[in-house]
Each structure stands twice: as C-alpha cells, then as structure tokens.
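K.L.:
Going by this note's numbering, 128 is the number at position 109 of the sequence shown; the sequence numbering is gapless.
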Amino acid sequence: MGYGVSLHRFVGGEPEVLDDRVIRDVLAPHVARAGRDAGELLVRAADGGEAEVDVSATGVDVHRFPSGGVVHLVAELAARLGAAVVLPDGVLVGDEEQRANLPDGLREAAVVIEMTGSGLRGALDG
20 MGYGVSLHRF
30 VGGEPEVLDD
40 RVIRDVLAPH
50 VARAGRDAGE
60 LLVRAADGGE
70 AEVDVSATGV
80 DVHRFPSGGV
90 VHLVAELAAR
100 LGAAVVLPDG
110 VLVGDEEQRA
120 NLPDGLREAA
130 VVIEMTGSGL
140 RGALDG
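#1: With H, G and I counted as helix, E and B as strand and the rest as coil, what does DSSP make of GLU133?
#2: Give the straight-line distance between the Cα atoms of SER137 and HIS91, rounded to the nearest whole angstrom.
#3: If you reduce the DSSP assignment to three classes, tell me which class PRO34 lands in.
#4: Where does the unbroken beta strand (DSSP E) through ALA53 begin, and where does it stop?
#5: Verify whether the separation of the beta carbon atoms of LEU121 and VAL110 is less than 8 Å.
#6: Looking at the structure shown, is ASP39 part of a helix, part of a strand, or coil, going by DSSP?
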C-alpha cells in the first residue's frame, strides 16, 4: 500500500487522548524494532508483513503497510480504541456513534464499516 492511515478518537468533534495500555496490548507482541523515539515502531504481523507506526497521545500513524496481517492489527487497534481510521481521501468508523463524534468536515465523508481485518481490507480495496 503506497499510503498511510491514521487512527484518532473524537468526542464531540474534539480529539481525545488514546488509551496507551490498549495500544501497548495490541502492538507490543508485534514490535520488530523500536526507534530512538519511544513512539516510533516497526511492527511485524504473523504473516511477515511490516509497517512503520508512529504513536502520539492523540493519534497512531501507520505507514507503508501491505495487505494481510498488518491490516488486521490496524483494525483491531481501531476497534479497541474506538478510533476512526483516517485515510487520505476519507474516514472509516466502526459505528454511527463514532461518526456522530467526528469533527465537521470529517463526519460527512465517513463510512461505517465492520471494524475487522476483512472489513477494513474491503473498504481499503473499495
């Protein structure tokens, strides 16, 4: 995949701090390498697919990831965080409540999907 996605949680249109424990629980078993900054990671899925991940208090950016296991990790992380998946050209959310909490401008472009690996893969393949 030639682009990245980012995960953000919103409440009332405002960004919320992400639960660091959830991020660690999902990503820690898959960390292949940590960068100099604690928020910079290389994760590797069981199928060998890798992605660069940058974690901050209000977002998780996932760069250059292949189809397969990494997509499942992204979907699991989004579902457990209650986060929207922000694409270069749209937004994917797991339910209508998440859509309602998006900021103006993102809400209208949001698509509700089943936030699973296969649901996310289908939406990305469009």
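Quick reminder that beta carbons are idealized off the backbone N, C-alpha and C, glycines included.
P.N.:
With the structure as the only source:
#1: Counting from one through the sequence shown, the residue named residue 133 turns up at place 114. Looking at GLU133 - three-state DSSP - the assignment turns out to be coil, as it is neither helix nor strand.
#2: Residue mapping note: residue 137 aligns to position 118 of the sequence shown, counting from 1. Residue mapping note: residue 91 aligns to position 72 of the sequence shown, counting from 1. Distance between SER137 and HIS91, taken at the CA atoms: about 7 Å.
#3: Here residue 34 refers to the residue found at position 15 of the sequence shown. Strand at PRO34.
#4: Numbered from its first residue, the sequence shown carries residue 53 at position 34. In the DSSP assignment, ALA53 falls within the beta strand (DSSP E) that extends over 50-53.
#5: Translated into the one-based positions of the sequence shown, residue 121 becomes position 102. Translated into the one-based positions of the sequence shown, residue 110 becomes position 91. For LEU121 and VAL110, yes; Cβs fall inside 8 Å.
#6: If you number the sequence shown from 1, residue 39 lands on position 20. Reduced to three states, the DSSP call for ASP39 is helix.
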